[in-house]
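Enquirer: The sequence shown begins at 1 in UniProt numbering and counts up by one. The C-beta atom is built at its ideal place from N, Cα and C for all residues, glycine as well.
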Amino acid sequence: MAIPENAYFDAIIVGSGPAGATLAKSLSEQGKKVLILEWGSDSPLRGSFWQMADIAAIPSKGAFIGKDLSLLIRGITAGGSSAINYATAMLPPYDMFDRYGIDLRAEAEEMQQAVPYSPLPDPLIGPRAQRIWLGAQKAGIEWHKLDKLIDVERCQAGCHLCGYGCPHGAKWTARRFLEDAVTSGAQLITKAKVTKVLTEKQPDNSHLAIGVEYQTNSGVHLAFSERVILSAGGIGSPQILQQSGIVEAGQQFFIDPVVAVMGTVDEKFGGGEVPMAAGLHLPDEGIVLSDLALPKPFFHLFTAQVGRFDRLLAADNTLAIMVKVQDSLSGKISANWASKSLCIEDKARLDKGAEMAETILTAAGATHIYRTHHFAAHQGGSAAIGDIVDSNLETEIRRLYVCDASVIPEAWGLPPTFTLLCLAKRLSKHLANHMVAN
């Protein structure tokens, strides 16, 4: 959608992932004039490998390869990474946010009513997940269903397309809120990359956000607004902040590293299944385990990456467990790249989680057990509350806010989507109370 050059809005929202779409929906439904700028496309999700690759595998856009050959991915598309995530929901860690003067309990109750939020019913728990669950029980390890952001009435047994972009409309993505926002009058421009926030120096030498500069295929454009909210993700938002004069952003971040622990069993599994159907969370240890039904392209990639060529033909006989851990805030995000290495403590957490996974797989009857290299899809902490933004998510540049995983203030290690919905809902209330009425 084209807009008049130098058009003025109540709010410009940069990015349309869970936080950005929630803000756009909330503000537009309150009658605010909202512009959403999204770098990616809004092409319908087809559940194809190649569309997923276009969203999350283009180097320096959706994918970053570390010096240790680890893979870091993000989703550049309408809906952000929610388009290709595994739709696992966990409540915000209230105590963490309480320490920063942020109470998300009311917002959590609201958002649980606004999105599908429940475990999968038994018929949607796939055979791999069931066998892993039995292995955990045999090993004496507590295992339970995980809450999912999935409409179970529309979800199809034997389907593994959550990570490719659900084509059935079963998995909740931020595109739903984005569509609601547009219906309520918000304007959406896709394939629009914001490069910096426009500011105006005030008499007291402070700076005020007045709009953004963005690029499309037709060139460089400007748009102006009363408020600017960056929801471009844990890498994108700090990059824009840096270009806008807040150079302290992106000097550290987390990635929630993951390894898959895999083993071969004597049972052949046909078709796919919803990943992360069940598992466990050890908050004191900073470890999450769950079943992980990998699509074959990922199975082959991760297996070949660690030299287990003897297992390449065993995809249909393989069980996999995801081990996700908290990692320390370190690394650096620059204008065109994101670089992060794991410290000794991070590797120790991965080892501990992987050992638990190996115990479960052994109890499930698996042999030829091996671990993948670590990979990651959660970037955050790069514009943290208490550092780059205050408790209302406002930066030192007045009327410039950040709302996405980059504001998470401490080591994380959890599925972030639901927490981001809560943060965005809270911010939308704050903005509604402070924005000039139309």
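Does the pairing of the region 278-290 with the region 313-320 give three or more beta-carbon distances under 8 Å?
Expert: At 8 Å Cβ cutoff, the stretches do not touch.
Enquirer: Would you identify the three-state DSSP class for Phe9, choosing helix, strand or coil?
Expert: Looking at Phe9 - three-state DSSP - the assignment turns out to be strand.
Enquirer: From which residue to which residue does the alpha helix (DSSP H) around Lys425 run?
Expert: 417-434 is the span of the alpha helix (DSSP H), which, as asked, contains Lys425.
Enquirer: Excluding the 5 residues flanking Gly271 on each side, which residues of the same chain have their C-beta closer than 7 Å to its C-beta?
Expert: Around Gly271: Gly158.
Enquirer: Can you name, in chain order, every residue of its own chain whose Cβ lies under 6 Å from the Cβ of Ala170, other than the five neighbours on each side?
Expert: The answer, listed in chain order, is Ile150, Asp151, Arg154, Cys155.
Enquirer: DSSP three-state call for Lys32: helix, strand or coil?
Expert: In this structure, Lys32 counts as coil in the three-state DSSP scheme.
Enquirer: With 16 as the cutoff for other CB atoms within 10 Å, does Cys422 come out buried or exposed?
Expert: By the 10 Å Cβ count, Cys422 comes out buried.
Enquirer: For Asn438, does the three-state DSSP call read helix, strand or coil?
Expert: Because the pLDDT of Asn438 is 39, which lies under 50, any placement of that residue in the model is unreliable, and the question is left without a value.
Enquirer: Beta carbon of Ser231, beta carbon of Gly20: below 8 Å?
Expert: Going by C-beta atoms, Ser231 is nearer than 8 Å to Gly20.
Enquirer: Buried or exposed for Asn85, please, with buried defined as at least 16 other CB atoms from any protein chain shown within 10 angstroms of its CB.
Expert: Classification for Asn85: buried.
Enquirer: To the nearest whole angstrom, what separates the beta carbons of Glu38 and His221, a pair I think is in contact under 8 Å?
Expert: The pair is not a contact, with the Cβ atoms about 14 Å apart (cut-off 8 Å).
Enquirer: Rounded to a whole number of angstroms, what is the C-alpha to C-alpha distance between Ala437 and Phe177?
Expert: Bear in mind that a pLDDT of 44 at Ala437, under 50, signals an unreliable position, so the number given afterwards is only what the model happens to contain. So the alpha carbons of these two residues sit roughly 23 Å apart.
Enquirer: Would you mind giving the Cβ-Cβ distance between Ser237 and Ala338, rounded to the nearest angstrom? I have them listed as a contact below 8 Å.
Expert: Not a contact, Cβ separation roughly 12 Å.
Enquirer: Check whether the Cβ atoms of Ala405 and Ser328 sit closer than 8 Å, and answer yes or no.
Expert: No, the pair does not count as a contact, with Cβ atoms beyond the cut-off.
Enquirer: Using only alpha-carbon positions, find the residue among Ala57, Ala11, Gln30, Lys148 that is nearest to Pro275.
Expert: Ranking the options by Cα distance to Pro275, first place goes to Lys148.
Enquirer: Quick check on Ser16: buried or exposed, where buried means 16 or more other Cβ atoms within 10 Å of its Cβ?
Expert: Ser16 should be labelled buried.
Enquirer: Among all the DSSP beta bridges, which residues are the ones paired with Phe97?
Expert: According to DSSP, Phe97 bridges with nothing at all.
Enquirer: Between the Cα of Asp122 and the Cα atoms of His144, Ala24, Glu109, Ala136, which residue gives the shortest distance?
Expert: When only C-alpha atoms are compared, the closest one is His144.
Enquirer: Hey, would you say Gln242 sits closer than 8 Å to Thr195, going by beta carbons?
Expert: No, the pair does not count as a contact, with Cβ atoms beyond the cut-off.
Enquirer: Can you tell me whether Leu188 is buried or exposed? The criterion is at least 16 other CB atoms within 10 Å of its CB, across all chains shown.
Expert: Burial call: buried.
Enquirer: Take Ser334 as the anchor and find which of Val34, Thr22, Met435, Ser60 has the nearest alpha-carbon.
Expert: Comparing Cα-Cα distances from Ser334 to each of Val34, Thr22, Met435, Ser60, the minimum goes to Ser60.
Enquirer: Identify the continuous alpha helix (DSSP H) that holds Tyr164 and give its terminal residues.
Expert: Start and end: 162-165.
Enquirer: If you drop the 5 nearest sequence neighbours on each side, which residues of the same chain put their C-beta closer than 7 Å to that of Lys425?
Expert: Answer for Lys425: Thr22, Ser26, Glu107, Glu110, Met111, listed in chain order.
Enquirer: When DSSP labels each residue in this structure, what does Pro119 get in the three-state scheme?
Expert: Looking at Pro119 - three-state DSSP - the assignment turns out to be strand.
Enquirer: How about Ile229 and Val14: are their beta carbons less than 8 Å apart?
Expert: Result yes, Cβ atoms of Ile229 and Val14 sit closer than 8 Å.
Enquirer: Give me whichever residues DSSP pairs with His394 in a beta bridge.
Expert: Inspection of the sequence shows that residue 394 is occupied by Glu rather than by His. Partner(s): Tyr401.
Enquirer: Buried or exposed for Ser428, going by 16 or more other Cβ atoms inside 10 Å?
Expert: So Ser428 counts as buried.
Enquirer: Under the three-state reduction of DSSP, which class applies to Leu230: helix, strand or coil?
Expert: Note: Leu230 maps to strand in three-state DSSP.
Enquirer: Taking C-beta to C-beta, are Ala363 and Ala63 nearer than 8 Å?
Expert: Against a cut-off of 8 Å, the Cβ pair of Ala63 and Ala363 comes out as no contact.
Enquirer: Helix, strand or coil, according to DSSP, for Ala108 in the structure here?
Expert: Helix at Ala108.
Enquirer: What's the C-alpha gap between Phe418 and Glu200?
Expert: Cα to Cα, the separation comes out at about 34 Å.
Enquirer: Just checking, does the region 77-95 make contact with the region 40-49 on the three C-beta pairs under 8 Å criterion?
Expert: Touching, yes, given that three or more Cβ pairs across the two stretches are closer than 8 Å.
Enquirer: If you compare alpha carbons, which of Gly250, Gly31, Phe298, Pro167 is closest to Thr372?
Expert: Considering only alpha carbons, the answer is Phe298.
Enquirer: Just to confirm before moving on: does the CB-CB distance between His378 and Asp256 stay below 8 Å?
Expert: Result yes, Cβ atoms of His378 and Asp256 sit closer than 8 Å.
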